[in-house]
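Number of protein chains: 2
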Amino acid sequence: MAASAELWSISQLAEAFDTTPRAVRFYEAKGLLKPQRVGGQRVYCEADRKRLSLILRAKSIGSKLSDIKTFLELYGREGEGRKRQLQFVIDKTASEINALKAKRSQIDATLAELRLIHDGARQRLERRTG
Amino acid sequence: MAASAELWSISQLAEAFDTTPRAVRFYEAKGLLKPQRVGGQRVYCEADRKRLSLILRAKSIGSKLSDIKTFLELYGREGEGRKRQLQFVIDKTASEINALKAKRSQIDATLAELRLIHDGARQRLERRTG
DNA sequence: CCTTGCCATGACGTATACGTCAAGGGCCTC
DNA sequence: GAGGCCCTTGACGTATACGTCATGGCAAGG
Numbered sequence: 254m255a256a257s258a259e260l261w262s263i264s265q266l267a268e269a270f271d272t273t274p275r276a277v278r279f280y281e282a283k284g285l286l287k288p289q290r291v292g293g294q295r296v297y298c299e300a301d302r303k304r305l306s307l308i309l310r311a312k313s314i315g316s317k318l319s320d321i322k323t324f325l326e327l328y329g330r331e332g333e334g335r336k337r338q339l340q341f342v343i344d345k346t347a348s349e350i351n352a353l354k355a356k357r358s359q360i361d362a363t364l365a366e367l368r369l370i371h372d373g374a375r376q377r378l379e380r381r382t383g
Numbered sequence: 254m255a256a257s258a259e260l261w262s263i264s265q266l267a268e269a270f271d272t273t274p275r276a277v278r279f280y281e282a283k284g285l286l287k288p289q290r291v292g293g294q295r296v297y298c299e300a301d302r303k304r305l306s307l308i309l310r311a312k313s314i315g316s317k318l319s320d321i322k323t324f325l326e327l328y329g330r331e332g333e334g335r336k337r338q339l340q341f342v343i344d345k346t347a348s349e350i351n352a353l354k355a356k357r358s359q360i361d362a363t364l365a366e367l368r369l370i371h372d373g374a375r376q377r378l379e380r381r382t383g
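Residue numbers (the working numbering), protein chains in the order written: chain A, 254 to 383; chain B, 254 to 383.
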């Protein structure tokens, strides 16, 4: 037992996610993380890890921290049953899904162009070399 | 004839792409655009339009202007035959393609999570309503 | 006891991407 | 010829996301 009680310091957590303690503190200052404190020191649990993971992934696809914050709050409210809350979650996720789909198609278009350039250059190089 | 000689002022171009003259000037200051000048005033041609289109699309998927600049330069060098140039283009496009693929998969993962939240909330709402 | 190491907060600095005046020039119109 | 309107450059302001000290606490090791 007691196998699920893994805890990490801020530097351990940062290193595990290839980021910095400064960044992690910054996310906390922005309200994205609220780790426990043990004598003033931050202690991160598994749930905090997951939140950080989500933060970094959202960041990597271009989301702002302020948007990520509301996004994280959707997880929290997700289980609540009040109708307004549910509708809010539904609307927010729907618009975010559409935004991401749009971004995806922009990426696909850019990928297509890059491949044209890439393949064109490769063919010219082969004609030279071969 | 003379149908391809369409030209635009900075504000016309900006409006056409739902951006601002200030932003367009900023891109020029960063070396991403070099429109003709007629008595000091900027005049944009079709090629400039395409460049701006590419800039905005790249921006929308999270590219930095400095990266977009080198990306635009790949187009310029694309036709050149010197081996070093070709290899440079091939390497740059390849790494950019990988980066975009990675970003796309991050988006897909996020989309999957959002759909879970979205559908879950919808079902709970329907059970309430229905 | 003192150094080493990690932690904390606070304050200032930096890079990116513009927004927002300010001051002035050129052209058209009434 | 005074007023609009659009253009120019230049300078300063702003939001985001941290980096980089500076300063100090606390705990383990030698």
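C-beta: ideal position from N, C-alpha, C; glycine also.
As assigned by DSSP and simplified to three states, the class of residue i
{"i": "residue 335 of chain B", "result": "coil"}
{"i": "residue 256 of chain A", "result": "With a pLDDT of only 36 at residue 256 of chain A, under 50, the local geometry of the prediction cannot be trusted, and no value is derived from it."}
{"i": "residue 376 of chain A", "result": "helix"}
Listed by chain order, chain A residues near residue i by CB distance under 7 Å
{"i": "residue 363 of chain B", "result": "310, 311, 314, 353"}
{"i": "residue 278 of chain B", "result": "Under the 7 Å cutoff, chain A gives no residues; its nearest Cβ is about 24 Å from residue 278 of chain B."}
{"i": "residue 275 of chain B", "result": "Under the 7 Å cutoff, chain A gives no residues; its nearest Cβ is about 21 Å from residue 275 of chain B."}
{"i": "residue 283 of chain B", "result": "Going along chain A, no residue has its Cβ under 7 Å from residue 283 of chain B, so there is no contact; the nearest lies around 19 Å."}
Residue i and residue j closer than 8 Å at C-beta
{"i": "residue 342 of chain B", "j": "residue 330 of chain B", "result": "yes"}
{"i": "residue 314 of chain A", "j": "residue 359 of chain B", "result": "yes"}
{"i": "residue 269 of chain B", "j": "residue 276 of chain B", "result": "no"}
{"i": "residue 339 of chain A", "j": "residue 380 of chain B", "result": "no"}
{"i": "residue 288 of chain A", "j": "residue 280 of chain A", "result": "no"}
{"i": "residue 304 of chain A", "j": "residue 325 of chain A", "result": "yes"}
{"i": "residue 346 of chain B", "j": "residue 367 of chain A", "result": "yes"}
{"i": "residue 285 of chain A", "j": "residue 318 of chain A", "result": "yes"}
{"i": "residue 272 of chain A", "j": "residue 307 of chain A", "result": "no"}
{"i": "residue 263 of chain A", "j": "residue 295 of chain A", "result": "yes"}
{"i": "residue 299 of chain A", "j": "residue 333 of chain A", "result": "no"}
Closer than 9 Å at the beta carbon, the chain B residues around residue i
{"i": "residue 340 of chain A", "result": "374, 378"}
{"i": "residue 337 of chain A", "result": "The premise fails here: residue 337 of chain A is roughly 10 Å from chain B at the closest Cβ pair, so nothing lies under 9 Å."}
Amino acids of chain A, ordered along the chain, whose beta-carbon sits closer than 8 Å to that of residue i
{"i": "residue 265 of chain B", "result": "Residues of chain A passing the Cβ test: none, with the nearest at roughly 24 Å."}
{"i": "residue 347 of chain B", "result": "371"}
Partners in chain B for residue i, counting only beta-carbon separations shorter than 8 Å
{"i": "residue 367 of chain A", "result": "346, 349, 350, 353"}
Within chain B, partners of residue i - CB distance below 7 Å
{"i": "residue 287 of chain A", "result": "Per Cβ cutoff of 7 Å: no residues; residue 287 of chain A is ~21 Å from chain B at best."}
Contacting positions in the region 312 to 335 of chain B - beta carbon closer than 8 Å to chain A: Residues 313, 314, 315, 327, 328, 331, 334.
Residues within the region 290 to 305 of chain B neighbouring chain A, beta-carbon criterion of under 8 Å: Those residues of the region 290 to 305 of chain B that come within reach of chain A (Cβ to Cβ, closer than 8 Å) do not exist; the list is empty.
Unbroken stretches of the beta strand (DSSP E), 3 residues or longer, contained in the region 266 to 319 of chain A: Counting only runs of 3 or more, we get 289 to 291, 294 to 296.
Unbroken stretches of the alpha helix (DSSP H), 4 residues or longer, contained in the region 329 to 373 of chain B: As summarised for the region 329 to 373 of chain B, there are no continuous alpha helix (DSSP H) elements at least 4 residues long confined to that stretch.
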